[in-house]
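Reviewing the structure listed below.
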Amino acid sequence: MAFYLVTGVAGFIAARVAEMLLAQGHSVVGVDNLNDYYDVRLKDYRLARLLGETGWRPGGDARRAQYAGRQRRTAPHGRFVFENVDVEDLAALEKLFREFQFTAVFNLAARAGVAYSLENPHVYLTTNAHGTLNLLECQRKFSVKKMVLASTSSLYAGSELPFHEDQPVNTPLSPYAASKKAAELFAYSHHKMHGLDITVARYFTVFGPAGRPDMSLFRFIQWIENGRPVQLFGDGKQSRDFTFVDDIARGTILAAKPVGFEVINFGGGRSPTTLGEVIGKIENALGKKALVQGLPPMAADIKATRADIAKAGRLLGWQPQVSFDDGLAATIAWHRENHEWLGAVN
Ligand SMILES: NC(=O)c1ccc[n+]([C@@H]2O[C@H](COP(=O)([O-])OP(=O)(O)OC[C@H]3O[C@@H](n4cnc5c(N)ncnc54)[C@H](O)[C@@H]3O)[C@@H](O)[C@H]2O)c1
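All letters in the sequence shown, in the order written, are residues 252 to 597 by our numbering.
Okay, structure coming up:
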């Protein structure tokens with residue numbers, strides 16, 4: 252069994268990756284800085300599950316996580332350890348690499364919101380690019396060959412559909428996309444110069460239970476469920492190649508196999524769904540009508556995304572297994588189960 256480092260482990264996707272690794276019998280050290288970009292109760296919820304804390308209750312504070320602080324937490328089975336570490340802190344990372352001999356690194360820690368990157372671009376550079384460089388340097392120093400690096404379909408802005416890994420991605424619209432491109436480039440140079448083995452996993456709009464409250468699908472469910480106005484940027488005709496979180500986590504784990512250096516798309520790979528259609532499907536599932544409040548389009552928003560996923564199939568044997576409708580049903584079920592405390596989450 253292997254020993255993995257998962258960064259951003261309190262995050263939406265990384266928590267699911269860690270959960271699947273643990274279910275496969277592996278051991279995981281998870282790090283996260285638990286920043287308050289979105290309500291930290293979501294991060295606490297995900298960590299509590301990983302730590303096996305069945306009696307978990309949300310705290311009253313949206314900004315300070317219950318699991319913040321220097322104290323190391325370990326799940327009762329001993330195979331999951333959480334440390335509140337910032338990937339920008341090279342010394343703290345080195346300490347972990349010295350203590351544990353990792354088989355591979357799943358680097359999912361990131362500032363991930365597109366819109367916020369226009370307001371505060373600096374944190375995107377320091378976490379997404381510099382943080383990745385810190386991890387690559389630790390891997391070089393402590394001879395950990397493999398990294399799976401989370402990247403994004405946002406890089407394909409302006410490219411022809413469907414998005415293919417060989418398309419040049421040199422015209423990012425947002426600082427977020429620019430910082431992810433920088434991370435990809437640092438990873439490439441560490442592959443070339445130091446022999447690290449890198450899979451760059453470009454994810455396409457991920458959704459699922461315990462998702463991110465800044466993403467449209469999460470917000471639409473919350474707003475429609477609670478009878479609040481649904482803020483819709485643009486005409487609702489923007490379409491996304493939505494991908495269910497379990498498919499993404501499974502693909503991310505498959506991506507740990509040695510490949511040299513490869514960029515691989517992980518997308519739904521089917522006809523994309525427009526935001527207008529998403530709202531309609533949520534209305535039907537909840538039996539409630541959305542009060543749509545139209546807002547001007549966002550400049551950094553890509554009009555449409557669609558993934559060519561042939562390479563993931565060829566190299567990793569990966570294909571998405573969960574349809575949009577099934578994924579949405581599972582997501583809505585989760586929102587309903589957690590309705591009581593989610594009501595306070597914005
Ligand atoms: N969700 C999507 O649709 C999507 C699409 C494309 C790419 N991605 C990428 O996938 C990865 C995971 O995204 P997510 O949707 O789960 O986002 P998320 O925000 O839920 O998870 C990211 C986690 O990283 C942590 N983090 C941020 N800065 C950190 C730092 N300096 N040190 C340590 N931890 C830090 C955050 O606290 C958070 O828990 C990110 O790299 C993101 O860019 C996500």
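Each residue gets a CB set at the ideal place from its N, CA and C atoms; glycine is no exception.
Where residue 322 is concerned, there is no enclosing beta strand (DSSP E), because DSSP gives it neither an H nor an E. Judged by DSSP secondary structure, residue 285 falls outside any alpha helix (DSSP H); it is assigned neither H nor E. Listed in chain order, the beta strand (DSSP E) runs fully inside the stretch 419-459 are 448-454, counting runs of at least 3 residues. The closest heavy atom of ligand 1 lies 7 Å or more from the beta carbon of residue 553. In the three-state DSSP reduction, residue 378 falls in the helix class (H, G or I).
Beta-bridge pairing by DSSP links residue 398 to 356, 449. Remark: fewer than three beta-carbon pairs, one from each stretch, lie closer than 8 Å, so the stretch 464-484 and the stretch 495-504 are not flagged as touching. Of all alpha-carbon atoms in 390, 398, 557, 515, the one lying nearest the alpha-carbon of residue 491 is that of 557. Shown here, residue 482 sits in a strand according to DSSP, grouped into three states. Residue 596 carries a coil assignment under DSSP once its states are collapsed to helix, strand and coil. Pairwise C-beta distances place the stretch 256-270 in contact with the stretch 349-361, as three or more of them are shorter than 8 Å. Selection 498, 540, 547 evaluated against residue 568 yields 498 as nearest (Cα-Cα). A straight line joining the alpha-carbon of residue 286 with that of residue 542 spans about 31 Å. The C-alpha of residue 354 is placed about 44 Å away from the C-alpha of residue 487.
Taken from the Cβ of residue 514, every heavy atom of ligand 1 lies 7 Å or farther away. The beta-carbon distance between residue 402 and residue 435, rounded to whole angstroms, is 6 Å. This is short enough to meet the 8 Å contact definition. As for any beta strand (DSSP E) of minimum length 3 sitting wholly inside the stretch 510-546, the runs are 512-517, 542-546, ordered along the chain.
Boundaries cannot be given for residue 289, as no beta strand (DSSP E) includes it and DSSP labels it neither H nor E. Distance from the CA atom of residue 290 to the CA atom of residue 464, rounded to whole angstroms, is 8 Å.
As a beta-bridge residue in DSSP terms, residue 256 pairs with 280, 356. For residue 471, the enclosing alpha helix (DSSP H) starts and ends at 467-476. With respect to residue 399, residue 452 sits close: the two C-beta atoms are nearer than 8 Å. Between ligand 1 and residue 283, a heavy atom-to-CB distance of less than 7 Å is present. Contact check for residue 292 against residue 310 passes: the beta carbons are separated by less than 8 Å.
When C-beta atoms of the stretch 562-577 are compared with those of the stretch 505-519, three or more pairs fall below 8 Å, so the two segments count as touching. In the DSSP assignment, the residues bridged to residue 333 are 281, 324. Ligand 1 never approaches residue 479 closely enough for any of its heavy atoms to be under 7 Å from the residue's Cβ. Within the same chain, 495, 497, 498 come within 7 Å of residue 573 by CB-CB distance, once the 5 residues on both sides are set aside. Ranked by Cα distance from residue 489, the first of 461, 457, 525 is 525.
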